[in-house]
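Under our numbering, the first residue of the sequence shown is numbered 5, with each subsequent residue one higher.
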Amino acid sequence: SDGQESFSEYELQLDTRWEFPRDRLVLGQSLGHGAFGQVFKATAYGIRSSETSSVVAVKMLKPGFTDQEMIDLVSEMEVMKVIGTHMNIINLLGCCTQNGPLQVIVEYAPGGNLRDHLRRCRLEPEYLEPLEARDGAPRGSRCSLENLVSYVFQVARGMEYLASRKCVHRDLAARNVLLANDGICKIADFGLARDLLDSGYYHKTTNGRLPVKWMAPEALFDQIYSSMSDVWSFGVLVWEVMSFGGTPYSCLAHAENLFDFLKAGKRLEKPVECPDEIYGLMLACWNESSHARPSFSHLVERLYALLLDMC
Ligand code: ADE
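Below you can see the structure in the form of structure tokens.
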């Protein structure tokens, strides 16, 4: 095989609603790669009719990909088409499916992931200073309590939308929320086909963290995933945000200890300086009984009321 066959073996259906000419997409630096593929920063000429060029992110398969990985990337793209557009999710912009490797073009989020952003707030004091006044109006500091609650509120909005579209994320965590301009949070990777326990989720991430720590008990023990198990993960994400990118259950290094901890009814502690109302929401998300947890719509309402009280 000369390597070219690796894509020409696959013939994908042309979808004129989304197809973007390959020669108008110029790949740039790598933004990272996971178990599932690789992502590049790129410039797309004329992908949004109002702009001559747009910075975008492009998802591709890694060299030597398997049939299953191709099926999974196609399925992720199809899920994104069906779900539609929302401000708080990473939206599909187009795709290149003909005469070359599959390239899925999505919105680029220049601020990187929410966890790393919050950790930078701890280390770099300038992140805590108010941003310069723009148009004469002072802007809030990037990691003030209002900002933290705004991040969490936006994630709840995005998840409310995904849940309304019958999309279960299965891996909601601050590392999977990206920051666009002006503090806009966007949920990433919601279209991934996942078999979490089969894909090394008992093992550590590159940051040394155990992804099982975001999973609801029924997902962990019985592989039952739903928007209600996403709500549990959302509670862990709120905890991460309120602790500036802290590592949940940091004293529990092994999955087995986490199982015992949760089965004993124990929960993450309130982060320092976290308002009681917000910790109350986290605890509600971690109700053992999935049906007793709040819905994303309820969380959106509560967080909106909290935000209004702060302004
Ligand atoms: N890394 C992975 N996906 C990304 C995106 N859409 N924008 C910025 N960085 C990313």
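Ideal Cβ positions, reconstructed from N, Cα and C, are used throughout, including at glycine. Since the structure is predicted, the reported quantities are computational estimates derived from the model, not experimental observations.
Check, Outcome
"Supposed contact pair ALA177 and VAL240 - C-beta distance, whole angstroms, cut 8 Å", "7 Å"
"Nearest to ILE93 (by Cα), restricted to the options VAL242, TYR155 and ASN151", "TYR155"
"LEU182 beta carbon near the ligand ADE (any heavy atom closer than 7 Å)", "yes"
"Classification of SER247 by the beta-carbon crowding that lies within 10 angstroms, buried from 16 upward", "buried"
"Of the residues VAL242, VAL172, TYR14 and ALA61, the one placed nearest LEU96, counting alpha carbons only", "ALA61"
"Any non-hydrogen atom of the ligand ADE within 7 Å of GLU80 CB", "no"
"Beta-ladder partner(s) of CYS189, from DSSP", "LEU183"
"Residue range of the unbroken alpha helix (DSSP H) whose run includes GLY284", "280-289"
"Euclidean distance between Cα positions of LEU224 and VAL216", "7 Å"
"For ASP30, the nearest candidate out of ARG21, ARG161, ALA46 and TRP22 (CA to CA)", "Per the sequence shown, the amino acid found at residue 30 is Val instead of Asp. Of the listed residues, the one whose Cα sits closest to VAL30 is ALA46."
"Given VAL235 as reference, the closest of GLU244, ALA220, ASP226 and GLN227 once Cα atoms are compared", "ALA220"
"contact_flag[the segment 150-168, the segment 184-192] where n(CB pairs < 8 Å) is 3 or more", "yes"
"With 16 other Cβ atoms within 10 Å as the buried cut-off, status of HIS37", "exposed"
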